[in-house]
Amino acid sequence: MQISVTFRHVESSEALKEYAIKKLTKMEKYIDSPMEATVVLAIEKFRHQADITVTGDGFKIKGREETGDMYSAIDLALEKIEKQLKRFREKPRTIKASRNLKTLGAKLNVIAAAEAETDSPQIIRSRSLEAKPMDLEEAVLQLQRGNDEVLVFTNAQSTALNILYRRRDGNFGLIEPEQG
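In terms of this note's numbering, the sequence shown opens at residue 7 and continues consecutively.
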């Protein structure tokens with residue numbers, strides 16, 4: 007783990023630096039991938055602030071705490087980081103179980119109404135999508151975060167190809183194949 011410790015409005019202290027590094031190295035047991043950590047220790051009047059950011063492969067976790075003592079601020083900020091790392095560690099396990107499923111490729115053809123001289127519709131834009139295995143809740147979150155109108159995914163429970171789309175009224179629609 008690569009750790010950088012910065013002091014703001016306070017003289018650097020080897021004891022504080024070593025304390026923060028010692029506590030942060032214990033976080034390596036939660037994640038296998040290499041991580042980087044940035045620790046910013048600051049004092050503003052009587053408030054001691056510890057701002058800790060841990061980044062790794064696919065995640066960025068922040069913890070910030072203010073107390074009357076710098077050591078307790080570090081401890082409390084690291085408790086927040088530890089909780090988030092535990093949650094992050096548990097999440098991939100459910101996804102790894104569904105990775106055994108064969109990922110399906112789906113081709114999405116977007117047909118836009120274009121002013122054409124012919125009566126038959128034309129394909130204006132086409133793109134390939136990978137149908138990743140995920141739960142319905144994860145698919146809804148991904149569609150909410152992104153700008154796409156459609157999300158093609160493999161349902162982790164049923165292993166069937168599903169299509170989630172954004173409706174004009176702001177809600178979402180789900181297309182599931184019939185089991186037959």
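Here a beta-carbon is modelled for each residue, glycine too, at the ideal position from N, C-alpha and C.
Its chain contains L91, K92, R95 as the residues whose beta carbon lies nearer than 7 Å to that of Y36, once the 5 sequence neighbours on both sides are disregarded; these appear in chain order. Within the model, the alpha-carbon separation for E71 versus A56 is close to 5 Å. The three-state secondary structure of R151, taken from DSSP, is helix.
Under the three-state reduction of DSSP, I80 is assigned to helix. Between the beta-carbon of R14 and that of V45 there is about 11 Å, and that puts the pair past the 8 Å contact cut. Distance from the CA atom of L30 to the CA atom of E50, rounded to whole angstroms, is 24 Å.
The Cβ atoms of I58 and A21 lie no closer than 8 Å to each other. In the DSSP assignment, T73 is bridged to H54. By the 16-neighbour rule on beta-carbons within 10 angstroms, P139 is buried. In the DSSP secondary-structure assignment, A48 is bridged to R14, Q55. For M41, the secondary structure class from DSSP, reduced to helix, strand or coil, is coil. One Cα belongs to T73, the other to A137, and the distance between them is close to 47 Å. In the structure shown, the three-state DSSP call for Y25 is helix.
Around the Cβ of T12, a 10 Å sphere holds fewer than 16 other Cβ atoms; the residue is exposed. Bounds of the beta strand (DSSP E) holding Y171 are 167-172.
Residue pairing by DSSP puts F65 in a beta bridge opposite G62. Taking 8 Å as the upper bound for CB-CB distance, M33 and I87 are in contact here, some 7 Å apart. Between the alpha carbons of E144 and Y171 lies a gap of roughly 14 Å.
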